[in-house]
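J.: According to mature numbering (1 follows the signal peptide of the UniProt record, and there is no 0), the stretch in the sequence shown is residues -23 to -1, 1 to 999, in order.
Every residue gets a Cβ at the ideal spot worked out from N, C-alpha and C, and that includes glycine.
Supplied in structure tokens, the structure appears directly below.
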Amino acid sequence: MTNTHFSLTDLMLVLLLLINCFSFSIESPNITTDQSALLALKANTEDPQNILAANWSMSASVCDWIGVGCGSKHPRVTSLNLSNMSLTGTIPPHLGNLSFLARLDVESNSFLGTLPVELANLHRLKYINFGKNNFTGEIPSWFGSFPKLEALFLQDNYFTGVIPSSLCYLPKLEILDLRQNNLKGQIPEEIGNLPSLKKLYLQNNQISGSIPSSIFNITSLQDVVFKINYLSGPIPSIQHNMSVLQIIDFGWNNLTGHLPSNMFDHLPRLQEIYLDRNQLSGEFPAGLFKHEQLQVLFLSHNQFGGTVPEGLGNLSTLKQLFIGWNNFKGEIPWQIGNLIGLEMLSFIHSGLEGPIPLFIGNLSLLTVLDLSFNNFTCTIPIQISNLPNLDTLYLGNNNLFGPIPPAIFNSSTMMFLSLQTNRLSGHLPPTLWLPQLEYFYLAENQLSGEIPPSISNSSYLLSIDIPNNTFSGYFPESFGKLIYLQDLNVAKNNFSSKPSSPETSFISSLTNCRFLKNIYIDENPLVNTILPASIGNLSGSLEVFSASGCNINGGVPREIGNLTRLLSLNLDNNEVIGTIPSTVGRLRELQLLSLQDNDLEGSVPVDICDLERLSYLILSNNKLSGWIPACLGNLSSLRSLFLGSNRFTSSIPLSLTRLEDILYLNLSSNSLSGPLPNNIGKWQVVIDLDLSGNQLYGDIPDGIGALIAIIHLSLSSNKLQGSIPESIANMIDLEFLDFSRNNLSGTIPRSLVKLLMLKYFNVSFNRLHGEVPQGGAFSNYSIQSFMGNQAFCGAARLHLPPCQINAHGSPSRKVRKLLAYILPPVVAATVLVLALIIISLRTRKRKPSLPTQGDVLPLATWRRISYHELQQATDGFCESNFLGEEDSLIQTMTMATIGYMAPEYGAEGIISVKGDVYSFGILLLETFTRKRPTDEMFSDEMSLKEWVKQCLPSTVIQVVDTNLLSCRGREDLAAKDCAMSILQLAGECSADLPEERIDMKNVVIKLRKIKTKFLKDIERRR
């Protein structure tokens, strides 16, 4: 009986254990839990390639699904790799149930949204890769709760906020990649607490502050990359031996000061260092020259000075040396010739001079040689042609002269050949063998002769830029064999067309170049040549066709309408006849249409009104007739309308007043009649308005005073009546005013004395009378400005009769006594009020400037000179001054207009043409920084110019208008480089000493080059 009792008890215990085990198996996570988590991910995901749909089947084991890995001991998901599957969607919280997951990789997809907090449950994670997606929000602090984490990749997303300090307490973390996000704030000082960290990538963010010194406490560090941020301050010194550190990249920041003297003493295995585009100065530490493994040295775009260190020649393993855009002087030291392993060498814009050293020819591994923008002289050494691997040669913008060594044109590796803006002369060799050549720049030299047909051997050519030389002969039809050609600029040479055919067969040959975007053939003597119909067969990608000043005759082919991608069409200054074809209305992308100075007839086709993006319409100096199309008022993008010197009739279309953003409007020298538009004041931003030489009649509307931005106003040679509106005095920037040869009556408003900028004033041959205003700008005008009127008086210097005060002669004694006591204080008060008004008007904050149009003609700029300077210069047009000798320099006692005028105006009273350049430089700075010289941030010794100077070249992102730098990645680099080049050009224009300023001819040349380089950089980086 007892035995039976124990047997039943044992049986009950076994049953209880079985029940408990069964219950535990139901409640504990298992492979079914993992399957549910993955199916939730699949449900949250769009799968355009059907990868998951085809491979994640319920009929198969989870461990057999694509991208899923399971453990060998436990049938649980341990790895999930969905990289490069083009997936979109969000990460579901269910993924936090993969409790055995050690590796999670969803790189290179399009996942978006924030990361769910449930992922913090995955404590076994060693590898996380969310890189190259579209995740947003802040980086979760719970990433710090993965004690086994070895690698964290969050690069190329849209994460914001700061770097969480919790990431600095992961004891096993070896790789931290946060590059290419929108992170701000500072690098946590705790970053030095990561004892296992090997690779740290924080580039392409908006991180600010200084580099924490603790970074160099991580002795395991191999790569540290912080480039393209807003880091400032000095580089911290290195106190510990960083025995495995190989790459340091702090480029594209705002770092200042000298390099630490011991910086290179503790980096025995350093291979690459990038400190370019900062504001570092001083000398290179001596320890740098002792490195035996250094391969890459980037120190360009800083403020290092003195001579190029000879110690660089000790870096025997160096492969890339970029130290351009600094303030060096002297010649390239001969020790550089010891670097026989060099592959890339750049001294661009370094202030170097002397001849190009012959030892360059011994650097046989060179692939890139950039010595451009220096002051190198003499001839190009033939030894350069001995470099068998050279694919990029930049020698432009120096003072090189003589012929180009023919052997340079015999290279099987050359891809970029840039020799522009020198004094090179001679002919190109008859045989060109550059089969890999893509870019061919010889602009602005003294080269002559013909372009050899063998240029077609360079079948990969993308760009030919050879303007401003004296090349001659027939236009090379061999260009038509360059099927990949995109840019062709042969302007300002002596090319001609074949006399055997009146049509430009050269144009027809280019129809084979299906990728052409830009064609410039301006100012070549194409006498008796017409544009062929085949022009319509040019590349469908063509954006610019410019053939001004080529003596082209014949008509504009209707086929021009086939070039539907065209942005700019310029046929200025030719002998084109016939009518404007209606097919131009098909050029819907057109921004500039310039046909001025030709012999075109007929009416303007209304089809032009279909060009909604047109900014410049220039048809002056033709024989066009009929009405001005009213529909032009619908072209809201129009900034310049030039229809002058034609035969237009009827009245000014009222619809033109809808062009509220028009800057230049010229309808002069036509046969227009009728009144001026009553709402003429709607052209509030117009700078130049010329309606002269027509038959306009009626009064000048008082609303004309709303043209507060106008500088040049001409209504001369019409039939206008009535008085001169008082509102003209509101045009405080007005410099040129011509109302001559009308039927105006009344007096000249005294308020015009307030127009301090007015340099030219002409109301001659009207019916005006009364006193000529005195003082202000009127002190400078001669009798020619007032002649041919009825009864002017006053202004004895103009030989006008005195004005009568009353009918009985001079005022009575009592009146004179009252005037003696009352008039002085009244005049003093009036002058004071006027002075305050003038100061207020001159210094008040202007309206924001209009957005600029891309790839359009630059607006004209003027040096602003007050009437005081003109009065000093002309002595009030005193007779004794009319026959005086003209000097190139004028001594004045005027002070400079704040910020815009050159220093010599105020300091010495010297006016010269160099002052124009200075003003233009300041205008460039104002345009690209969106800050005026009178901004509140500028005081004492800090001016707009000084502020930009201190921030360049490394921190262009801190001074340039942020609206101009809205790109990401490589396009952002191109935009920053372009903006920096323009600001540096502005600095050259606004140098303190006149003799140090660049001339305007070279300014135009440089701006064109900056534009060309920017467009090419954008294309190359896409």
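Between which two residues does the beta strand (DSSP E) containing Asn530 stretch?
T.: Segment Ile529 to Gly531, the beta strand (DSSP E) holding Asn530.
J.: For Asn352, which three-state DSSP category applies?
T.: Of the three classes helix, strand and coil, the one that applies to Asn352 here is strand, per DSSP.
J.: Go through the region 486 to 554 residue by residue and report every complete run of the beta strand (DSSP E) that reaches 3 residues or more, in order.
T.: Taking only runs of at least 3 residues, the beta strand (DSSP E) segments lying wholly in the region 486 to 554 are 495 to 497, 521 to 523, 529 to 531 and 545 to 547.
J.: Taking the beta strand (DSSP E) that Ser440 belongs to, which residues open and close that run?
T.: Residues Ser440 to Asp442.
J.: Take Phe742 and list the residues in its own chain whose beta-carbon comes closer than 6 Å to its own, dropping the five residues that flank it on each side.
T.: Excluding residues within five positions, the ones whose Cβ falls inside 6 Å are Ser717, Arg718 and Gly765.
J.: Exposed or buried, Gly331, counting other C-beta atoms within 10 Å across all chains shown (16 or more means buried)?
T.: Under this definition Gly331 is an exposed residue.
J.: In terms of alpha-carbon separation, which member of Ile317, Leu329 and His326 lies closest to Leu340?
T.: Selected option, being the one with the closest Cα: Ile317.
J.: Thinking Ser440 and Phe456 are a contact (beta carbons under 8 Å), I'd like their distance in whole angstroms, please.
T.: In fact, because the Cβ distance is near 12 Å, the residues do not count as touching under 8 Å.
J.: Near Thr447, what residues of its chain come up, given a Cβ to Cβ distance below 8 Å and the 5 sequence neighbours on each side ignored?
T.: Counting only Cβ-Cβ distances below 8 Å, and skipping sequence neighbours, we find Gln423, Leu424, Ser425, Asn470 and Asn471.
J.: How big is the Cα-Cα spacing for Ser63 and Asp24?
T.: C-alpha separation (whole angstroms): 7 Å.
J.: By the 10 Å Cβ neighbour count, where 16 or more other Cβ atoms means buried, how is Gln26 classified, buried or exposed?
T.: Exposed, because fewer than 16 other Cβ atoms sit within 10 Å of the Cβ of Gln26.
J.: Return the CA-CA distance between Pro117 and Ser209, expressed in angstroms with no decimal places.
T.: About 27 Å.
J.: Measure the alpha-carbon distance for His689 versus Glu712 and round it to whole angstroms.
T.: Distance between the alpha carbons of His689 and Glu712: 6 Å.
J.: Based on DSSP bridge pairs, tell me the residues matched to Ile595.
T.: Its beta-bridge partners are Ser571 and Phe619.
J.: Tell me which residues share the same chain as Asp679 and place their Cβ nearer than 8 Å to its Cβ, disregarding the 5 neighbours each side in the sequence.
T.: Same-chain partners within the cutoff: Pro702, Glu703 and Ser704.
J.: Just to confirm the assignment: which complete alpha helix (DSSP H) runs, minimum length 4, are found wholly within the region 718 to 762?
T.: The qualifying runs do not exist here; there are none.
J.: Let me make sure I understand the geometry here. Which of Ser38, Leu78, Asn86 and Asn74 has the alpha-carbon closest to that of Ser60?
T.: Of Ser38, Leu78, Asn86 and Asn74, the residue nearest in Cα terms is Asn86.
J.: For Ile585, which of Leu570, Gln132 and Pro237 has the nearest alpha-carbon?
T.: It is Leu570 whose Cα lies nearest to the Cα of Ile585.
J.: With distances taken from CA atoms, which of His326, Gln297, Gly283 and Thr294 is nearest Pro310?
T.: The shortest Cα separation from Pro310 among His326, Gln297, Gly283 and Thr294 belongs to Gly283.
J.: Name the DSSP bridge partner or partners of Leu257?
T.: BP columns for Leu257 point to Gly234.
J.: Would you call the region 609 to 622 and the region 651 to 659 in contact, with 3 or more CB pairs under 8 Å?
T.: Output reads no: the region 651 to 659 does not touch the region 609 to 622.
J.: Report the three-state DSSP secondary structure of Leu394 (helix, strand or coil).
T.: If DSSP states are grouped into helix, strand and coil, Leu394 belongs with the strands.
J.: State the Cα-Cα distance for the pair Trp229 and Leu929, rounded to the nearest angstrom.
T.: For Trp229 and Leu929, the distance between alpha carbons rounds to 11 Å.
J.: With Cys928 as the anchor, note down where its alpha helix (DSSP H) starts and where it stops.
T.: Cys928 -> alpha helix (DSSP H) spans Leu921 to Cys928.
J.: Could you please give me the residues that DSSP links to Val54 through a beta bridge?
T.: According to DSSP, Val54 bridges with Cys47.
J.: Count the other C-beta atoms from every protein chain shown that fall within 10 angstroms of the C-beta of Val561, then say buried if there are 16 or more, exposed otherwise.
T.: So Val561 counts as buried.
J.: Secondary structure at Asn967, three-state DSSP: helix, strand or coil?
T.: Note that residue 967 is Ser in the sequence shown, not Asn. Correct three-state label for Ser967: coil.
J.: Quick check on Gln767: buried or exposed, where buried means 16 or more other Cβ atoms within 10 Å of its Cβ?
T.: Burial call: exposed.
J.: Are there 16 or more other CB atoms within 10 angstroms of the CB of residue 1002, so buried, or fewer, so exposed?
T.: Because the chain spans -23 through 999 in this model, residue 1002 falls outside it and cannot be assessed.
J.: Can you name, in chain order, every residue of its own chain whose Cβ lies under 6 Å from the Cβ of Ala812, other than the five neighbours on each side?
T.: Low local confidence applies: a pLDDT of 37 at Ala812 is under 50, so the model's placement there is unreliable, and no value is given.
J.: Give a yes or no on whether the C-beta atoms belonging to Val894 and Arg974 are separated by under 7 Å.
T.: Going by C-beta atoms, Val894 is nearer than 7 Å to Arg974.
J.: Mind checking His217: buried by the 16 CB within 10 Å criterion, or exposed?
T.: Result: exposed.
J.: Just how far apart, CA to CA, sit Phe227 and Leu252?
T.: The alpha-carbon atoms of Phe227 and Leu252 are separated by roughly 5 Å.
J.: So for Glu308, helix, strand or coil by DSSP?
T.: Reduced to three states, the DSSP call for Glu308 is coil.
J.: Excluding five sequence neighbours on each side, which residues of the same chain lie with their C-beta closer than 8 Å to the C-beta of Cys780?
T.: Excluding positions up to five away in sequence, the list reads Gly747, Glu748, Cys770 and Gly771.
J.: Please report how far the alpha carbon of Phe203 lies from the alpha carbon of Ile959, in whole angstroms.
T.: Each residue's alpha carbon lies about 26 Å from the other.
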